[in-house]
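J.:
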Amino acid sequence: MTTKSINLVCFEKWMDPVGEDIINGADGIDLQMLSFANPEDGNWEALVAAHGYQLLPTYEIQEPFFPKKPLIDRCPNLLAFSVTGAGYDMIDVDACTEAGILVVNQTGANAVSVAQHVLGMMLVLSKQIVQGDRQMRRGPGDWGRWDFKGKELTGRTIGIIGLGNVGRQVAALTGGVFGMKVLAYDPYITDQDFKDRGAEAAGFDDIFRQSDFVSVNCPLTEETANMIGDAQYRMMKPTAYFVTTARGGIQDEAALARVLSEDLIAGAGVDVFNPEPPPADHPLMAFDNVIISPHVAGITDDCLYNMAEY
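Following the working numbering, the numbering of the sequence shown begins with 1 at its first residue and continues without gaps.
1. Can you give me the Cβ contacts of S82 inside the same chain, cut-off strictly under 6 angstroms, excluding the 5 residues immediately before and after it?
2. Report the rounded CA-to-CA distance for R134 versus E223, giving the unit in angstroms.
3. Pull up the DSSP beta-bridge partners for K181, would you.
4. By the 10 Å Cβ neighbour count, where 16 or more other Cβ atoms means buried, how is P76 classified, buried or exposed?
5. Who pairs with D301 in a beta bridge, going by DSSP?
6. Ends of the alpha helix (DSSP H) at Q232?
7. Return the chain-ordered list of same chain residues with a C-beta closer than 7 angstroms to the C-beta of R209, the five sequence neighbours on each side being excluded.
8. Which term fits M285, buried or exposed, when burial requires 16 or more other beta carbons within 10 angstroms of its beta carbon?
9. Alpha carbon to alpha carbon, how far is G139 from L56? Give it in angstroms, no decimals.
10. Which residues bound the alpha helix (DSSP H) around S126?
11. Identify, in the order they occur along the chain, each residue of the same chain with its Cβ nearer than 8 angstroms to the Cβ of V296, setting aside the five sequence neighbours on each side.
12. State the CB to CB distance for the pair T157 and K181, rounded to an integer number of angstroms; the pair is presumed to be in contact (CB under 8 angstroms).
13. Among the candidates I292, A268, G267, whose CA atom is the shortest distance from the CA of E276?
14. Between the stretch 32 to 40 and the stretch 2 to 21, do at least 3 Cβ pairs fall closer than 8 angstroms?
15. What is the DSSP secondary structure of E309, reduced to helix, strand or coil?
16. List the whole-angstrom C-beta distance separating L173 from E200, where the pair is believed to meet the contact cut-off of C-beta under 8 angstroms.
17. I'd like the list of long-range same chain contacts for V18, defined as Cβ closer than 8 angstroms, with 5 residues on each side in sequence excluded.
18. I need the DSSP call for D30, collapsed to helix, strand or coil.
19. Specify, as a first and last residue, the run of the alpha helix (DSSP H) that V290 falls within.
20. Counting only the same chain and skipping the five closest in sequence on each side, list residues whose C-beta sits under 6 angstroms from that of D16.
21. Using alpha carbons as the reference points, say which of N38, H51, D94 lies closest to T221.
22. Buried or exposed: where does D27 fall if 16 or more other Cβ atoms within 10 Å of its Cβ makes it buried?
23. Give the straight-line distance between the Cα atoms of R247 and R168, rounded to the nearest whole angstrom.
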């Protein structure tokens, strides 16, 4: 009989039961499911003994169990943190490096789901589907169906910021299926990569100036934090839409609300905020031409299964 030798902890639940099934069926791994409702001392006892910590999404973790230096200092046996998706901005990577702890993400597992969410937002925005739905629910009034004249995606230009796993899926959907012109900004890939991923390389500012849709699909890092602000929004066409499913903190939400209030862009689709969840009186909630979703671009049955199995 094999002795369990690797201690793995996770709070509340795995993204999909298949993850627990795989681990429980493996030799040499002891999975302990914890709960924030449990006594804190018991949770700490398990964490101190753990070699691996499978993390929940940022907005579901509770203090004091964030993967930051205080926890790292208290858990000398930790060998690895694993995040559920692609982003790992919640983790103190410098502290992990100093302690020799690996940081593991599930890059690519959510790419199709997130890209389809981007496309969904683009279609809903350009066809004014939400505005029409709201008016229909209010009943007859001083409006007509011509007030909701939409625009086709075909022949228009999308500018993608970050041509990684999600960005390349967005390029495939918009360029391949809808016949859009695809521009992309990504300083970390080669000219051949752009070609292979179906996009034309463009400068950062050119993405905003030339695109009918701007889609943000890069990770939140020191380089991308606050990368998009008032100056970039004001470069956009008055008929253009801004869509982000990346991370809050990359774009300036207050500046986005300002340009929308000045009718300088046509609308926006926002799945991510800083902080999350946003308050009910967040400025972006006031606009009919803004679609808000609660960081769910990657939450589909298929995606959760892929992330748990990865």
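Heads up, the beta-carbon is just placed ideally off N, CA and C, and yes, glycines get one too.
T.: Considering the structure as presented:
1. Within the same chain, S82 has close Cβ partners Q54, V104.
2. Roughly 39 angstroms between the two C-alpha positions.
3. Under DSSP, K181 shares a beta bridge with T157.
4. Classification of P76: exposed, given that the 10 Å Cβ count is below 16.
5. According to DSSP, which records beta bridges pairwise, D301 is partnered with nothing at all.
6. Counting along the chain, the unbroken alpha helix (DSSP H) around Q232 starts and ends at 230 to 235.
7. Around R209: M235.
8. The C-beta of M285 has fewer than 16 other C-beta atoms within 10 Å across all chains shown, which makes the residue exposed.
9. Answer to the nearest angstrom: the Cα atoms are 42 angstroms apart.
10. Looking at the DSSP string, the run of the alpha helix (DSSP H) that includes S126 is 111 to 126.
11. H117, D271.
12. The Cβ separation is near 4 angstroms, so the contact holds.
13. Out of I292, A268, G267, I292 has the C-alpha closest to the C-alpha of E276.
14. A contact exists between the stretch 32 to 40 and the stretch 2 to 21.
15. Correct three-state label for E309: helix.
16. That pair is no contact at about 16 angstroms.
17. Within the same chain, V18 has close Cβ partners Y305, A308, E309.
18. Residue state, collapsed to three classes: strand.
19. Where V290 is concerned, there is no enclosing alpha helix (DSSP H), although the beta strand (DSSP E) it sits in stretches over 290 to 292.
20. Beyond the five residues adjoining it in sequence on each side, D16 comes within less than 6 angstroms, by CB distance, of L304, Y305, A308 in the same chain, given in chain order.
21. Of the candidates N38, H51, D94, the residue whose Cα lies closest to the Cα of T221 is D94.
22. Residue environment for D27: exposed (fewer than 16 other C-beta atoms within 10 angstroms of its C-beta).
23. So the two alpha carbons sit approximately 17 angstroms from each other.
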